[in-house]
Amino acid sequence: MARALAVYLGRNAARRIEQDGWSPELFSLLLGASGGPKWFILSQLDRLLFGDFLQGSEQPLSVLGSSIGSWRHACLAMRDPVAALDRLQQGYMYQRYASAPTAHEVSEVSRTILQQMLAATGAADLVNHPRIRTHIVTARGRGPAAAASTPLLATGMGAAALGNVISRRLLKLHFQRVVFHSGARPNPGLALHDFHTHFCTLREDNVTAALHASGAIPFVLTGERDISGAPPGQYWDGGIIDYHFDLGQYRGDGLILYPHFSASIVPGWFDKFLPWRQAAIHEVDNLVLLCPSEAFIADLPLGKIPDRSDFRNLTHEERVLYWEQCVQRSQALAEEFAQMTEGDDPLRGATIFA
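Read in order, the letters of the sequence shown are residues -7 to 346 in our numbering.
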């Protein structure tokens, strides 16, 4: 039977796991990509990682996420991560709109989902966690990309897309990466040098705004303007710059744990349309990438994992049933990871980059 979970290991990651087994203390960085409903295919794996596996370490763990990745990571920093994941899943899965919603309507629903996920103590838990060092990625608009006016914003986004074809670095003309972090200072290994990055301290009064901004797709949501404790301006989805992240940017001695939707890594959102921009994951020696296998995805009810097009292409009832089925099927990924970590051969079934 084909495996549900695909595991890709960099050379150093494979060496250390072979030597020490699947110890959570090997990992110093957890990555979480943008992707909205794609998260549902990782939901059961997240419950195992957040509620069990990663709780077995006493070492500091930095988490870096954009959009839904940052929302998932917020759950890890709460006193009961699995309960927080349950609240996130409940709110996200069953959101409903009477007709095609406006950006204001979607943002109101998104803020409600975040408030339910955080509950009474979540913001304080995230800001004050003694071990989990949260980093939430947002994109601060510049020029027309900071406009509230739809025509001006469309101009800014179009110019950003065209410039990105020439060079990813041209995005800096339209967006600035702003990272909100818990603790007194950000992880020095995340001094991302590809763009000028501004770091802001997370406080209880800006957690919800930072999380909402991190997932605020232009035209789909309103974004956040003038977040408390951050430079003034318009804040958008962190995935615009860091969709799946440029894995070559990160420094540190520990391994990188990356539960992801596929083996394909696309640095920025605009790079989705540029096949040559996919990252070469075999060059990242410390990478541990966990994702659903192609065979597993092909066997899902619609032959794909959930995505935002499901809101448009399916009725509410069809979408919810499909997403529920994907969540149920995703249990196989968690079970296979548990078997791998508990088995006699910690590298069995993994693809190792030589």
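Glycine included, each C-beta is placed from N, C-alpha and C at the ideal position. Model, not experiment: these values are computed from the prediction.
Distance between residue j and residue i (C-alpha atoms, nearest Å)
i: Asp245; j: Ser20; result: 8 Å
i: Glu328; j: Trp268; result: 32 Å
i: Ser301; j: Tyr86; result: 15 Å
i: Ala25; j: Pro284; result: 15 Å
i: Asp337; j: Ser15; result: 14 Å
i: Thr333; j: Gly221; result: 41 Å
i: Ala140; j: Leu306; result: 30 Å
i: Phe288; j: Arg(-5); result: 7 Å
i: Asp12; j: Pro52; result: 18 Å
i: Trp228; j: Ile297; result: 25 Å
i: Pro143; j: Ser256; result: 33 Å
i: Asp186; j: Arg169; result: 10 Å
i: Lys264; j: Asp299; result: 14 Å
i: Gln226; j: Gly114; result: 25 Å
i: Arg7; j: Leu339; result: 9 Å
i: Leu266; j: Glu309; result: 34 Å
i: Gly175; j: His274; result: 32 Å
i: Thr104; j: Ala75; result: 17 Å
i: Glu17; j: Ala272; result: 26 Å
i: Arg71; j: Ala346; result: 39 Å
i: Ala202; j: Ala131; result: 10 Å
i: Leu154; j: Ala138; result: 17 Å
i: Pro136; j: Leu145; result: 5 Å
i: Glu286; j: Gly295; result: 10 Å
i: Arg177; j: Gln82; result: 33 Å
i: Asn198; j: Trp63; result: 14 Å
i: Gln331; j: Asn4; result: 22 Å
i: Ile233; j: Phe262; result: 8 Å
i: Arg123; j: Leu313; result: 37 Å
Under 8 Å between C-beta atoms of residue i and residue j
i: His204; j: Ser59; result: no
i: Ser49; j: Leu182; result: no
i: Ser35; j: Leu77; result: yes
i: Gly57; j: Val129; result: yes
i: Leu1; j: Ile344; result: yes
i: Val119; j: Gly341; result: no
i: Thr200; j: Leu292; result: no
i: Ser69; j: His127; result: The question names Ser, yet the displayed sequence has Ala at residue 69. Result no, Cβ atoms of Ala69 and His127 do not sit closer than 8 Å.
i: His173; j: Arg125; result: yes
i: Leu239; j: Val276; result: yes
i: Tyr89; j: Glu97; result: yes
i: Gln241; j: Val258; result: no
Nearest to residue i (by Cα), restricted to the options the options
i: Leu184; options: Leu154, Gly13, Leu266 and Phe237; result: Phe237
i: Pro29; options: Glu17, Gly335 and Leu80; result: Leu80
i: Arg243; options: Asn179, Phe211 and His96; result: Asn179
i: Tyr235; options: Arg64, Ala222, Pro224 and Gly207; result: Gly207
i: Ala92; options: Tyr314, Gln323 and Arg304; result: Arg304
i: Gly43; options: Ala326, Ile233, Pro338 and Leu294; result: Ala326
i: Phe32; options: Gly61, Ser99, Asn4 and Ala290; result: Gly61
i: Thr94; options: Ile209, Ser174 and Thr307; result: Ile209
i: Leu37; options: Ala176, Pro73 and Phe172; result: Pro73
i: Leu165; options: Pro122, Ala6, Gly133 and Gly231; result: Gly133
i: Asp117; options: Ala66, Met332 and Val276; result: Ala66
i: Arg311; options: Met70, Arg39 and Tyr84; result: Tyr84
i: Gly231; options: Gln82, Phe167 and Ala176; result: Phe167
i: Pro223; options: Val171, Pro259 and Trp261; result: Val171
i: Gln323; options: Leu154, Ala5 and Leu40; result: Leu40
i: Gly335; options: Glu10, Arg3 and Asn4; result: Glu10
i: Gly260; options: Asn156, Arg64 and Leu313; result: Asn156
Would you say the segment 182 to 198 touches the segment 105 to 114, given that touching needs at least three Cβ pairs under 8 Å?
-> no
What are the uninterrupted segments assigned as alpha helix (DSSP H) that are 4 or more residues long and contained completely in the segment 191 to 250, given in chain order?
-> 199 to 206
At a cut of 8 Å, does the segment 149 to 162 reach the segment 214 to 223 through at least three beta carbon pairs?
-> No, they do not touch.
Contact the segment 236 to 254 vs the segment 134 to 149: 3+ CB pairs below 8 Å = Too few Cβ pairs lie closer than 8 Å, so no.
Cβ pair count under 8 Å reaching 3, the segment 38 to 48 against the segment 306 to 319 | no
Segment contact, 8 Å Cβ cut-off, at least three pairs: the segment 273 to 286 with the segment 233 to 248 = yes
What residue ranges within the segment 93 to 119 form continuous beta strand (DSSP E) runs of no fewer than 3 residues, ordered along the chain?
-> Here no run is fully enclosed.
4-residue-minimum alpha helix (DSSP H) runs that sit fully inside the segment 29 to 106, ordered along the chain | 35 to 43, 60 to 68 and 73 to 85
Identify every run of the alpha helix (DSSP H) within the segment 277 to 320, keeping only runs that are complete inside it and at least 4 residues long; order them along the chain.
-> DSSP runs (the alpha helix (DSSP H)) wholly in the segment 277 to 320: 286 to 290 and 301 to 305.
Can you list the beta strand (DSSP E) stretches of 3 or more residues lying completely in the segment 117 to 164, in chain order?
-> Listed in chain order, they are 124 to 133.
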